[in-house]
Amino acid sequence: MSRLDRTRTSAHQLRPFFSSQNLLNRADGSAQFDFGGSSVLCSVVGPAEVKIRQEKLDKATIEVIARPLVGLPGVADKARERSIQETLEPLILSSLHPRTLVQIVVQTMKDDGCILSTAFNATILALLDAGIPLQSILGSVTCMIDSETNEILLDPTTEELARSKSTHVFVFDNKTSIAGSANKDQAKDQDQDQDSLEGAILYSDSTGIFTENEYFECAHAGFKAAQAVHGFIRTAVQKKLEKEYQQTQA
Amino acid sequence: MKEADPSTNEREFLLQALKDGARIDGRKFYDFRTLRLEFGSEYGAVEVQLGNTRVLAKVSCEVIRPYTDKPTEGFLTFNTELSPMASAAFEVGRQTDEEVLVSRLIEKAMKRSRALDTEGLCIVAGEKVWSIRVDIHFLDHDGNLVDAACIAAITALLHFRRPDVTVVGEDVTIHTLEQRNPVPLSVHHIPICVTFAFFDNGERMIVDPTFLEEQVKEGDMTMTLNVHKEVCALSKAGGIPMDLDQILQCTRVAIVKVTEITAQIQAALDTDAKKRQVSRK
């Protein structure tokens, strides 16, 4: 089945990933993450001084600021801020830094669909770069259901999204995904595999009309694709640390 | 978060170095930092790096109705909100003096110098004109935001292509980028800002100050010129008083810098145009 995006041959193929960490010199941590033609730059400052109004006595305050490529921040950007903040709050070990602020700024650099997923992945890389203690690592993938063919397409472009019946954004954490893949080896049963999958979803956002079955199919396809993202994040961090280690040795 | 002042040691070291004729990053007094221009895949997206200062400019356009008193004038708007990404000292929704100054300077340099032909943006007089919007995103603040933003804005405008339109009677057709080759904007001249910082009671003058130099400086001045040796804008907001001779000296330095930067922008645009031609084939 051919896709509108000519660079890809199969429905479950993701666009090429790209990332680079530690780009900005004023922020404590920063990272850029690309899904093909979509690109998001994320900076992290923290743990830093917090305004009394925002201060929490037992944990760090997580503030997310999302900025669009064109125009002033609107409702969509506020929604994105909320999504990222609420997903990250339980993930960051914020009780280690009470009465401080962790400020995350998410800037869209190029927009060709799946900005929320790209932003999630950029954010986690920036947090890792800033050395903020985390419980686990997340990986995000977007998928859509084509209105004409009813096919599930992963990581759609803007052009493909225009033909979508529904779109689904998923965030999976890497702790449960490892457990999930271990389960896969033990039990060949499809049902059990899906059971383990449910616990792995950190964030799920769906728009459009879809059936329960379609949702689970999407979640499953997204889960598999998220493994590739997790792997990529792992390699990115590994490479960065190797480079830093070499620099300290030299 | 408030910006921390530099320590006394840092300040003294910088000032002493300047007195001895050196800058702490090894540059000469009248040197710019390395300028890097990177174009995005779309038209009108440019990322500018001036040393560690990073600015992203994105041009977009839409069709709107003009003002009744200026029926043939198109619009050119700038959005220069300082994002907390550049520095934690910038807050969302609260304009600092610095932000006001930066956006005013950009407007002055670009709009008031009539760098862009706004009359050329008219489609149907009194009915439809193009509105060009330049979003300037400050990503990293290591001093001299104005110069970096100005280079980013004008390069993005030069790089931008708007969709072609045909007018038959009252009917206006806007062609997509696939249907017809998009058209470049008509840019009259290329204004470039050059910022000077003064130290030592105005005895020492440097070009393109870094963030630390900006914090320690006694005064500053921004000059906007083009390659035709025309001064488009001059802004000196406070700081120590200056002699006329010194201002003239600044223009002489600035014109050299402007020629260099303009040549670099043109070269970058040419390389990008060639790359696009190859990829189209």
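Those protein sequence lines, which keep their order, are chains A and B.
Residue numbering for the first sequence follows this note's numbering, starting at 1 and increasing by one per position.
Residue numbering for the second sequence follows this note's numbering, starting at 251 and increasing by one per position.
Glycine included, every Cβ here is placed at the ideal spot set by N, Cα and C.
query, result
"Three CB pairs or more closer than 8 Å across the stretch 103-120 of chain A and the stretch 146-165 of chain A", "yes"
"Same chain only: Cβ atoms within 8 Å of Ala518 (chain B), ignoring 5 sequence neighbours per side", "Leu287, Phe289, Thr405"
"Chain-ordered residues of the stretch 38-49 of chain A with a beta carbon less than 8 Å from chain B", "Leu41, Ser43, Val45, Ala48, Glu49"
"Chain-ordered neighbours of Ser337 (chain B) on chain A, where CB pairs are closer than 8 Å", "Arg26"
"For Gln249 (chain A) and Lys239 (chain A), the rounded distance between their alpha carbons", "15 Å"
"Partner residues on chain B for Ile65 (chain A), Cβ-Cβ distance less than 9 Å", "Ser333, Pro334, Met335, Val342"
"Beta-carbon proximity list for Ala483 (chain B), same chain, < 6 Å, skipping 5 on both sides", "Lys358, Ala359, Thr474"
"Cβ pair count under 8 Å reaching 3, the stretch 489-500 of chain B against the stretch 449-461 of chain B", "yes"
"Integer-rounded CB distance, given that His425 (chain B) should sit under 8 Å from Ala365 (chain B)", "Not quite, the Cβ-Cβ distance comes to about 26 Å (not below 8 Å), so this is no contact."
"Nearest residue (CA-CA) to Pro316 (chain B), options B:Val508, B:Thr368, B:Val418", "B:Thr368"
"Where the stretch 507-530 of chain B meets chain A: residues whose CB sits under 9 Å from a CB there", "none"
"Neighbour flag for Gly290 (chain B) against chain A, beta carbons, 9 Å", "yes"
"Spatial neighbours of Phe340 (chain B) in its chain, beta-carbon cut-off 6 Å, leaving aside the 5 residues before and after", "Leu332, Pro334"
"Rounded C-alpha distance that separates Leu14 (chain A) from Glu148 (chain A)", "21 Å"
"Simplified DSSP state of Tyr215 (chain A), which is helix, strand or coil", "helix"
"Backbone secondary structure at Tyr203 (chain A) - three-state DSSP", "strand"
"Beta-carbon neighbours of Met251 (chain B), restricted to chain A and to distances below 7 Å", "Ala48, Glu49"
"The stretch 16-33 of chain A / the stretch 225-238 of chain A touching (three or more Cβ pairs under 8 Å)", "yes"
"Ala27 (chain A) in three-state terms, based on DSSP", "coil"
"Cβ distance (whole Å) where Arg304 (chain B) is taken to contact Leu24 (chain A) below 8 Å", "7 Å"
"Straight-line Cα distance separating Phe279 (chain B) from Gly271 (chain B)", "8 Å"
"contact_flag[the stretch 393-402 of chain B, the stretch 343-359 of chain B] where n(CB pairs < 8 Å) is 3 or more", "yes"
"Interface flag, Lys110 (chain A) vs chain B, CB-CB below 9 Å", "yes"
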